[in-house]
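The structure appears right after this line, and notes come after that.
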Amino acid sequence: MKKLSLLSLLFVFFFLAGCASTKVDLEAEKYFSEGNYSASASVIQKSINKKNPPIDKALDVAILNHYSKNYLQSSKDFNKTDRQMEDAYTKSISKSTGAASLNENISDYTGNVYEYLLINAFNSLNYYNMGEFDEALVEIRKIENKQKEYISKYGELALQDLDVDTETLTESAKTMNVNMREVYRQTPRKPTEDDIYKDSAFAHYLAALMYIKDKSGTPELHVREYEAINRGIKCASLRDDLKIPSGMGRLDFVSLAGKIIRRKEGTVYFPSFAANGTPIFLTSVTIGDITIPAFRLKYVYPYVEADKNGNLVKPSDSISSIKVTLSDGSNDRLNLIEWFDEAVQKDVALRARKDFIRSIFRSTTKKAAAVTSAAVAIRATPEKFRSITEIAVTKALDAVDLAETADIRQCRYFPSFAAGGGFTLKPGVYSAKVEYFDTNENLVGTETFENLEVTAGRPTIVESICIK
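Here you go:
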């Protein structure tokens, strides 16, 4: 009975913790949807440990401060989180694939590989917007070091299989008469080389622009790397930046747009559902002479919404195109630099199968242990009180499912994509209007800029933001 009481307490704990977390998330989301990024950041900041904040929440705060143009605070946030991620990520790529019993949600979040690269790209823009160009270049060089040191290691480990204690799993399944072959049929597909996030096109694009402006580094190399990521398609804008005509300058726009797609929890139950949608339960599991109250097994994995062809599903009012109009009448549409949504999709594809297999092991072994304990508790209960014990047993079995959750952590407020483009202009002062359109060409956002100074021989970089 003590075991059942403990599980009941855990049920309450998870419920209350979930409520507190949800309240903060809803309040932050409300401010975000209103475009009050500073208030959204403040809500999250107040809810986390200041000395050692969860990396996903720290990234949320940093990028939200960037959107609110609080570049100084954002740079401090990114710098602190970068150091935290470096330590955590180095450990994560150097360890083995991990035990199947591990619940990723109870381990520290190390960040995803795309977050690990993009943190410095966004921070470079912080310093650039504060006029600290040397510090902006420092962030670019940090990206270069990460690209060399960590990406290859990440790729090597990402496709490794997960070790599973099949003997323990088989014994647990037998306890409940569970057909594991049927369970494994629901396993997400095995990831391939194409699912590995190998590099950031945005990081290379920004590095090229920064080096061209500084007349240093290896901008040509970054242009080539950017084009290689984009399947060899030449980037006209960057190549125009490399060869600015004598006496002319460049005005380059870099836009961060949309809200990054968020991973969700996929759930598989065994037994599944009847044709009419009614849940099916295991009703004839017996331990000795004791029949266990009806229950199911729950397995989880992360996923992102996509159609049958693997194309991400986005709302129709999502930003799909960006137009820039200058004060001299010239205008152009910005070109896609990188879909950050696809980085999430790749990361989920790499994790889903392993996470599901971990979930199979965890949920099956824990449920088998709970079933065995339940039989002991029922057997020890006098007949006239058994109905009460069986209710407690049902709650205890449900508590196992409640604790089984998919790891869907990520920075929730990164942009959906980055776009860029530029104009070759005579030196002078210009103003600009950046317009954001949805898939139906409805105007969903506008940002204006005044006093943009174009100098001969160098690009002037302008960052525009519309996160909707």
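Using mature numbering (1 follows the signal peptide of the UniProt record, and there is no 0), the letters of the sequence shown map in sequence onto residues -19 to -1, 1 to 449.
Yeah, the Cβ is synthetic: ideal placement off N, Cα and C, and Gly gets one too.
query: Using the Cα positions of N421 and A351, report the straight-line distance between them to the nearest angstrom.; result: 53 Å
query: Helix, strand or coil for P34? Go by DSSP, reduced to three states.; result: coil
query: Once DSSP output is grouped into helix, strand and coil, what is the label at N432?; result: strand
query: In chain order, what residues of the same chain lie with their CB nearer than 7 Å to the CB of A437, ignoring the 5 residues before and after it?; result: G228, M229, G230, P408
query: Return the bridge partner residues of R231 from the DSSP annotation.; result: T405, P440
query: Whose C-beta lies closer than 6 Å to the C-beta of S77 among residues of the same chain, with five residues either side of it excluded?; result: Legend: pLDDT at S77 = 44, less than 50; position of this residue unreliable, value from coordinates given subsequently. Counting only Cβ-Cβ distances below 6 Å, and skipping sequence neighbours, we find nothing.
query: For the beta strand (DSSP E) that contains E246, what are its first and last residues?; result: 245 to 251
query: Assuming F395 contacts L106 (C-beta within less than 8 Å), just tell me the rounded distance between them.; result: So it is not a contact: roughly 13 Å between Cβ atoms.
query: Any heavy atom of the ligand SAH within a distance shorter than 7 Å of the CB on T427?; result: Of ligands this structure carries none, so the ligand SAH is not represented either.
query: Measure the CB-CB distance between S56 and Y108 and report whether it falls below 8 Å.; result: yes
query: Nearest-angstrom Cα distance between F183 and K347?; result: 44 Å
query: If distances are taken between C-alpha atoms only, which option among A384, V381, T441 comes closest to V410?; result: T441
query: If you drop the 5 nearest sequence neighbours on each side, which residues of the same chain put their C-beta closer than 6 Å to that of K335?; result: L143
query: According to DSSP, simplified to helix, strand and coil, what is F254?; result: strand
query: Please work out which residues of its chain come closer than 6 Å, Cβ to Cβ, to K11, disregarding the five sequence neighbours upstream and downstream, and give them in chain order.; result: none
query: Going by beta carbon distance, what residues of the same chain come within less than 8 Å of N371, once the five residues before and after it are set aside?; result: The sequence given here places Glu at residue 371; Asn does not occur at that position. Closer than 8 Å at Cβ, skipping near neighbours: P274, I359.
query: Under 8 Å, do V145 and I389 count as touching if we go by C-beta distance?; result: no
query: Could you please give the first and the last residue of the uninterrupted beta strand (DSSP E) stretch that includes T420?; result: No beta strand (DSSP E) holds T420; DSSP gives it neither H nor E.
query: So for D328, helix, strand or coil by DSSP?; result: helix
query: Distance, Cα to Cα, Y97 vs D58?; result: 14 Å
query: So the alpha helix (DSSP H) R122 belongs to, where does it begin and stop?; result: 114 to 130
query: Would you call Y165 buried or exposed, if buried means 16 or more other Cβ atoms sit within 10 Å of its Cβ?; result: exposed
query: To the nearest angstrom, how far is it from the Cα of F254 to the Cα of V159?; result: 15 Å
query: What are the boundary residues of the beta strand (DSSP E) that P363 is part of?; result: Segment: none, P363 is in no beta strand (DSSP E) and carries neither H nor E.
query: Can the beta-carbon of S21 be found less than 8 Å from the beta-carbon of V5?; result: no
query: Check S77 in the structure and name its three-state DSSP category.; result: Summary for S77: the model assigns pLDDT 44, below 50, so the residue's position carries little reliability; its value from the coordinates is reported in the next sentence. Reduced to three states, the DSSP call for S77 is coil.
query: Name, in chain order, the residues that DSSP records as bridge partners for N292.; result: Paired residues: none, contrary to the question.
query: Roughly how many angstroms lie between the CA atoms of A189 and K196, to the nearest whole one?; result: 10 Å
query: Considering just the uninterrupted stretch of the beta strand (DSSP E) at L140, what are its terminal residues?; result: It is not in any beta strand (DSSP E) - L140 carries neither H nor E in the DSSP assignment.
query: What do you get for R393, buried or exposed, if any count of 16 or more other CB atoms within 10 angstroms of its CB means buried?; result: buried
query: Comparing alpha-carbon positions, which option in F262, R314, K179, Q54 lies nearest E323?; result: K179
query: Just to confirm, are Q65 and V42 a CB contact at a threshold of 8 Å?; result: no
query: By how many angstroms is the C-alpha of I318 removed from the C-alpha of G401?; result: 6 Å
query: What is the DSSP secondary structure of T272, reduced to helix, strand or coil?; result: strand
query: Mind checking L7: buried by the 16 CB within 10 Å criterion, or exposed?; result: exposed
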